[in-house]
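Residue numbers (the numbering used here): 887 to 1491.
And the structure:
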């Protein structure tokens, strides 16, 4: 099951990592464009969670497709095609829940992508009706949850306060802020506020084991309790306060889930409304809980084992405390990115603001994603969010940081997670930030949103004094950052033409071809067939990229790829300096007949 391609795509941009795009974001995008539902099964007899066996995509919300189109810098025409084709069409994407094609949330997504006022008007009128029905009118039942179809999560039971907050941020209409605040008040009633952790320590992993509990997982029927050192830790470290159980149908099994996407939104809502209670819940949900992917939830007993950096690196046979769902890793990363950027936004009183897109995901996995546009850093514009691996080290674990570049400068914001003042030394990595050894760099330091004062940096080292819960921002002059991935995506390459995709009925069934481009040298052709293994036993793609010679003749050499098993799909890197990508498909029917399509051409320019 895949949730959103926006999660890894945003992370690829923010961390400036082309491998995240090629190995994760692009395949996930292709999956969602071709599959009928989020959950795809090769087993036709599978019924759990109502998976689909078919390539009848896209399996993506209109908002997801619109945001992907914007992330491509509006290059990839097929994404915009699906946005407009699917708007207004109800579809079943997750479990048996119907996604309404004309929801006010979808209208907001189309307004954000197109700028057309009619879509915003539709979003506002739909939201107004929703507020009257769901906020202003006391609820007497939960008939709108649709439990038989898969409605079960607390975001199904509570009002759509996150969507209302998104609309407030777009319009700044106080009506939507007040509605979001009321909806959030109802939502947080589902969050654990007890048992209240003591102010002292608690013994965990008594006897060197995670109790006598061992979770029965599908990979290992002979499960045993995990080994873990007996340890005295502050009681808050293992508290469930601030987390949600999974759902109304699974709260006993998944008592407190770490996928707390609501946290970043509660931070922002606290900022807009002045309600500090939302801020405190948000921090309890995220800060200090883990050093790596912690698995799904707190289960069985309180422990620290899931907070260890090596926890998800163990074999699945050895992880018996909770479930590891690998499709949750990217949403988990996305929620932490969202929390970090939102924390910077709130602490700077909105002065550090990187514009987001909205990743609707499914169930309760909504989050803001970043990186497709520049933002502002106090009074400086055109600053790109940039958090590459090993950018710098901080001497004190209480410091979190945001970074950006632009205008010939490096921008840093260090946020103290402790209520006590902290001294933190930051050390830039010269292999990532190209500073000259021994050179004195001029910088501006702004503490707790005050006026900037001058400072200097030598050899990439700066020592900062941070106030309790405070923020200190830096802009370092004369640092020309060179990116590994961002420039390719954010260049000014022209958009692909409408003829860059083709959906055709053929003797092999419907064949869809499309060009997906995220920038220079980031262009792929993706070809997929609807025919299943009951209709075809194999499919072969013949393809070539062409430039026309002086006589107008195509001059590319044909290549071939064979796919012997369903699903029949092909992803090919494309030289985007060429003028077109040409392809045809041949296959063998289940009865042994040879079938072929005519040649199709996708234009690159």
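All C-beta atoms in this analysis are idealised placements derived from N, C-alpha and C, irrespective of residue type, glycine included.
In its chain, beyond the 5 residues on either side, 918 have a beta carbon closer than 6 Å to the beta carbon of residue 946. The beta carbon of residue 1284 is closer than 7 Å to those of 1302, 1303, 1304 and 1308 in its chain, skipping five residues each way along the sequence. Contact between the segment 1162-1173 and the segment 1248-1264 is absent: fewer than three C-beta pairs spanning the two stretches fall below 8 Å.
Each residue's CA atom was taken as its position, placing residue 1361 and residue 1297 some 5 Å apart.
By the Cβ rule, the segment 1035-1053 does not count as touching the segment 1079-1099, because fewer than three pairs are nearer than 8 Å. A distance of 8 Å or more separates the beta carbons of residue 1379 and residue 1354. Of the candidates 1200, 1136, 1482 and 1058, the residue whose Cα lies closest to the Cα of residue 1158 is 1058. The bridge partners DSSP lists for residue 1319 come to none. Cβ atoms of residue 1292 and residue 1270 come within 8 Å of each other, at about 6 Å.
For the options 1338, 1075 and 1392, the alpha carbon positioned closest to that of residue 1128 is the one of 1075.
By alpha-carbon distance to residue 927, the top candidate from 1116, 1081 and 1452 is 1452. DSSP places residue 1378 in the coil class of the three-state scheme, outside both helix and strand. A Cβ-Cβ contact shorter than 8 Å links residue 1189 with residue 1091.
Between residue 921 and residue 936, the gap from beta carbon to beta carbon reaches 8 Å or more. With respect to residue 1183, residue 1213 sits apart: the two C-beta atoms are not nearer than 8 Å.
Distance check between residue 1218 and each of 986, 1416, 1116 and 1181 places 1181 closest, using alpha-carbon atoms only. Per DSSP, residue 1343 is one residue of the beta strand (DSSP E) stretching across 1339-1344. Of 1470, 1191, 1056 and 1142, the smallest CA-CA separation from residue 1116 is found for 1191.
Here residue 1264 is near residue 1359, since their CB atoms are less than 8 Å apart.
When C-beta atoms of the segment 1131-1141 are compared with those of the segment 1193-1206, fewer than three pairs fall below 8 Å, so the two segments do not count as touching.
Here the alpha carbon of residue 1481 sits roughly 5 Å from the alpha carbon of residue 1473. Distance between residue 1141 and residue 1055, taken at the CA atoms: about 32 Å. Rounded to whole angstroms, the gap between the alpha carbons of residue 1220 and residue 1444 is 41 Å.
Each of 1402, 1425, 1321 and 1395 was checked against the Cα of residue 1363, and the nearest Cα belongs to 1321. Remark: C-beta atoms of residue 1408 and residue 1471 do not approach each other more closely than 8 Å. Nearest C-alpha to residue 1335 among 1124, 902, 1231 and 1366: 1231. With a minimum length of 4 residues, the unbroken runs of alpha helix (DSSP H) contained wholly in the segment 1031-1118 fall at 1040-1043, 1047-1057 and 1060-1073. The residues 1005, 1006 and 1009, in chain order, have a CB closer than 7 Å to that of residue 997 in the same chain once the five nearest residues on each side in sequence are set aside.
Residue nearest to residue 951 within the set 1023, 965 and 1368 is 965 (criterion: CA-CA distance). One Cα belongs to residue 1089, the other to residue 888, and the distance between them is close to 38 Å. Distance from the CA atom of residue 971 to the CA atom of residue 1083, rounded to whole angstroms, is 52 Å. Under the three-state reduction of DSSP, residue 1423 is assigned to strand. Residues 1083, 1084, 1086, 1087 and 1088 of the same chain have their beta carbon placed closer than 7 Å to that of residue 1121, with the five preceding and five following residues left out of the count. For residue 1012, the enclosing alpha helix (DSSP H) has its first and last residue at 1003-1016.
Using a Cβ distance threshold of 8 Å, residue 1427 and residue 1466 do not count as a contacting pair.
Residue nearest to residue 1241 within the set 1254, 1144, 890 and 1151 is 1254 (criterion: CA-CA distance).
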